[in-house]
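Sequential numbering of the sequence shown, starting at 0, is according to numbering that gives the first Met the number 0.
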Amino acid sequence: MTRRVRIPWRLGLAVAALSLAVFVSTYWYTFTINLTGSLPGTFYVIHRCEDVGRGDLVAFRWHGSKGYPAGSIFIKQVAGVAGDVVRRDGRAFWVNGQYIGIAKENARDGSRLEAADDGVIGAGQYFVATPNPDSLDSRYALTGNIRQAAVLGRAYEIF
0 MTRRVRIPWR
10 LGLAVAALSL
20 AVFVSTYWYT
30 FTINLTGSLP
40 GTFYVIHRCE
50 DVGRGDLVAF
60 RWHGSKGYPA
70 GSIFIKQVAG
80 VAGDVVRRDG
90 RAFWVNGQYI
100 GIAKENARDG
110 SRLEAADDGV
120 IGAGQYFVAT
130 PNPDSLDSRY
140 ALTGNIRQAA
150 VLGRAYEIF
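Here's what the structure looks like:
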């Protein structure tokens, strides 16, 4: 004879509510891990529906190059937005007069890195960077400005 176990209705309701909350929240939030030293954090949450602005961390999809597959999630800091002026002197970069950093001549694998052009950041684009000198960011032609279509949302460091 089998004994039937009854689950209290409150527990069932709590499990259903939690499941629904997790399912719905994945529409607005996603999590990612930073595997490089470009930023100090390792684990980030991405708020998909939040606009990004100057100084925010932005998560975007990489176009695919330099050993990173297309669709990889990159997180960088927004250093410039549409209408801002990027100035380049040699391999040094400024956005609206604020120093960003120097574009290295060679990647860690020894391959040549071309510095990006200067000029006004176009509509729907972002100039992204990090303080890390090895960061593959908008200082390089390979990355350039990030288009809004590639942006996933605003990122927040968890740890």
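Glycine is no exception: its CB is placed at the ideal position from the N, C-alpha and C atoms.
Bounds of the beta strand (DSSP E) holding T31 are Y28 to I32. Between F126 and G70, the gap from beta carbon to beta carbon reaches 7 Å or more.
The beta carbon of F158 sits closer than 8 Å to the beta carbons of G40, T41 and F42 from its chain, once the five residues preceding and following it are set aside; these are given in chain order.
Beta-bridge partners of A128 (DSSP): Q76. Judged by DSSP in its simplified three-state form, W61 adopts coil rather than helix or strand.
The beta carbon of G123 is closer than 7 Å to those of A81, R146 and Q147 in its chain, skipping five residues each way along the sequence. Out of L141, Y26, V150 and D116, the CA that lies nearest to the CA of G66 is found in L141.
Contact between V85 and F92 holds: CB atoms are separated by about 7 Å, below the 8 Å threshold. Y26 and R47 have their C-alpha atoms spaced approximately 8 Å apart.
Distance from the CA of F59 to the CA of V14, rounded to the nearest whole angstrom, comes to 33 Å. Beta-bridge annotation (DSSP): R86 is paired with W93. Take E49, set aside five residues on each side of it, and the residues of its chain with a beta-carbon closer than 6 Å to its own are G152 and R153, in chain order.
In the DSSP assignment, G152 falls within the unbroken beta strand (DSSP E) covering V150 to E156. CA-CA distance, R87 to E113, rounds to 13 Å. For E104 and T29, the gap between their C-alpha atoms comes out near 35 Å. Around the C-beta of Y139, 16 or more other C-beta atoms lie within 10 Å, and the residue is accordingly described as buried.
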